[in-house]
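Those letters in the sequence shown? Residues 32 to 353, by my numbering.
Backbone N, C-alpha and C define an ideal beta-carbon position, used for all residues, glycine too.
What follows is one structure encoded as structure tokens, with my remarks underneath.
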Amino acid sequence: MQEKTTVLFKTTFEEDIYNGLTDYPKHLSSKYFYDTKGDKLFQEIMAMPEYYLTDSEYDILSKYKEQISSLFQRDSQSFNLIELGAGDGKKTKILLEHLSNSNVDFVYQPIDISQNALDQLGSSINEEFPKIKVNKRQGTYFNALKNIEVPSNSRKIILFLGSNIGNMEHSDAIEFLSSITQYMNPDDLLFVGFDLKKNPQTILDAYNDQTGITAAFNKNILTRINTSLHANFNLEAFKHWETYNPETGTAKSYLVSTIDQEVLIEKLELKINFNAWETIHTEISQKYDEHTVQMLAKNAGLTIETEFSDQKNYYKNYIFKK
Ligand code: AVI
Numbered sequence: 032m033q034e035k036t037t038v039l040f041k042t043t044f045e046e047d048i049y050n051g052l053t054d055y056p057k058h059l060s061s062k063y064f065y066d067t068k069g070d071k072l073f074q075e076i077m078a079m080p081e082y083y084l085t086d087s088e089y090d091i092l093s094k095y096k097e098q099i100s101s102l103f104q105r106d107s108q109s110f111n112l113i114e115l116g117a118g119d120g121k122k123t124k125i126l127l128e129h130l131s132n133s134n135v136d137f138v139y140q141p142i143d144i145s146q147n148a149l150d151q152l153g154s155s156i157n158e159e160f161p162k163i164k165v166n167k168r169q170g171t172y173f174n175a176l177k178n179i180e181v182p183s184n185s186r187k188i189i190l191f192l193g194s195n196i197g198n199m200e201h202s203d204a205i206e207f208l209s210s211i212t213q214y215m216n217p218d219d220l221l222f223v224g225f226d227l228k229k230n231p232q233t234i235l236d237a238y239n240d241q242t243g244i245t246a247a248f249n250k251n252i253l254t255r256i257n258t259s260l261h262a263n264f265n266l267e268a269f270k271h272w273e274t275y276n277p278e279t280g281t282a283k284s285y286l287v288s289t290i291d292q293e294v295l296i297e298k299l300e301l302k303i304n305f306n307a308w309e310t311i312h313t314e315i316s317q318k319y320d321e322h323t324v325q326m327l328a329k330n331a332g333l334t335i336e337t338e339f340s341d342q343k344n345y346y347k348n349y350i351f352k353k
């Protein structure tokens with residue numbers, strides 16, 4: 032049993048960690064993977080040969096940049112290209128380069144939770160594509176989207192790449208897409224990347240690489256708790272474990288305690304007990320099929336305008352309208 036005490040939480044992080052680790056079964060949110068070290072590990076994941084998602088989306092954007100750009104700039108109307116979770120913008124730059132070379136009139140509005148990531152992205156775009164107008168927004172997707180200024184004669188093209196949607200349960204994805212729909216006019220477009228169902232082994236390999244980068248990424252959440260909440264998680268006593276259910280398309284990441292152990296989280300005045308082989312669920316990475324994307328779109332009030340897939344049919348980018 033956990034020893035629960037009455038704690039006044041100073042941050043949502045503290046509250047989420049407390050609630051997740053005193054629940055049964057235990058869970059932590061994958062959004063807490065991304066501190067400076069986690070961002071770096073995720074960059075390394077994206078560069079791994081096993082993590083096919085990045086290359087697949089890169090291929091799609093490279094191959095179809097002309098078609099995609101012409102859908103964005105219909106009737107030569109100016110538009111605002113709003114990217115949710117822009118990160119380093121590596122893939123988006125394929126489109127940005129093409130749009131810049133074609134002298135298209137648009138404003139790029141990257142939104143990210145990390146000011147540091149935004150500043151780096153902003154200066155690299157200024158350097159590589161000086162003609163592009165950039166208007167950065169730091170914040171959560173919705174706060175930033177709510178406050179974004181788009182002139183009434185400009186269309187909104189909203190990008191959500193990298194199968195980031197896959198880190199949400201279907202009900203949350205529907206809520207998320209529905210909220211975006213509320214900000215869209217009938218002329219606006221939503222461009223989303225979805226990782227597809229495929230050979231289950233390919234998926235397991237992408238989330239359980241031999242070099243252990245994904246394991247380090249998953250365990251980084253424990254390091255973060257150790258550092259910011261003064262805890263004593265022993266990383267050696269946890270195993271990274273990945274599962275994939277080919278029927279539902281859900282890949283799940285866990286940290287499994289390899290021994291009976293007690294962990295102290297000083298700042299939360301909390302002792303957590305783990306039985307040997309007890310789990311902490313940390314992430315879902317959903318894989319999709321046509322049927323599921325249609326179900327999400329329908330429930331969020333969106334229609335599918337068109338779709339693009341890579342050569343291996345590993346990944347698809349969909350364009351939705353309201
Ligand atoms: C950010 N997100 C889409 C990645 C994914 O594929 O679920 C995060 C990740 N987790 C392990 N590897 C990569």
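Does DSSP put residue i in a helix, a strand or coil?
i	result
I48	helix
G116	coil
M32	Note on M32: pLDDT 46, under 50, position unreliable in the model; no value is reported.
F73	helix
F64	helix
A78	coil
N344	coil
K57	strand
H312	strand
A331	coil
F305	strand
K352	strand
E300	coil
V324	helix
L190	strand
N111	strand
D291	coil
Along the chain, where does the alpha helix (DSSP H) that runs through residue i open and close?
i	result
A175	172-178
N157	146-159
Y89	83-103
S202	201-213
K250	244-260
L126	123-132
I371	Because the chain spans 32 through 353 in this model, residue 371 falls outside it and cannot be assessed.
Could you please give the first and the last residue of the uninterrupted beta strand (DSSP E) stretch that includes residue i?
i	result
H271	269-276
F339	334-340
L221	220-226
D143	137-143
A354	In the structure as shown, the chain begins at 32 and stops at 353. Residue 354 is therefore absent and cannot be evaluated.
F40	From DSSP, F40 is part of no beta strand (DSSP E); its letter is neither H nor E.
Contact check, residue i vs residue j under 8 Å by CB: the rounded distance?
i	j	result
M199	F191	That belief does not hold up - the Cβ atoms of M199 and F191 are roughly 11 Å apart, past 8 Å.
I113	I188	7 Å
S100	H129	5 Å
L221	L333	7 Å
L149	I125	The pair is not a contact, with the Cβ atoms about 19 Å apart (cut-off 8 Å).
Y144	G120	According to the sequence displayed, residue 144 carries Ile and not Tyr. Actually they do not touch by this definition, with Cβ atoms about 14 Å apart.
If you measure between the beta carbons of residue i and residue j, is that distance less than 9 Å?
i	j	result
K57	I296	no
I335	Y349	yes
K283	E321	no
S316	S194	yes
L39	N251	no
T233	Y89	no
H256	F248	The sequence given here places Ile at residue 256; His does not occur at that position. No, these two residues do not count as a Cβ contact at 9 Å.
V165	Q146	no
G51	S60	yes
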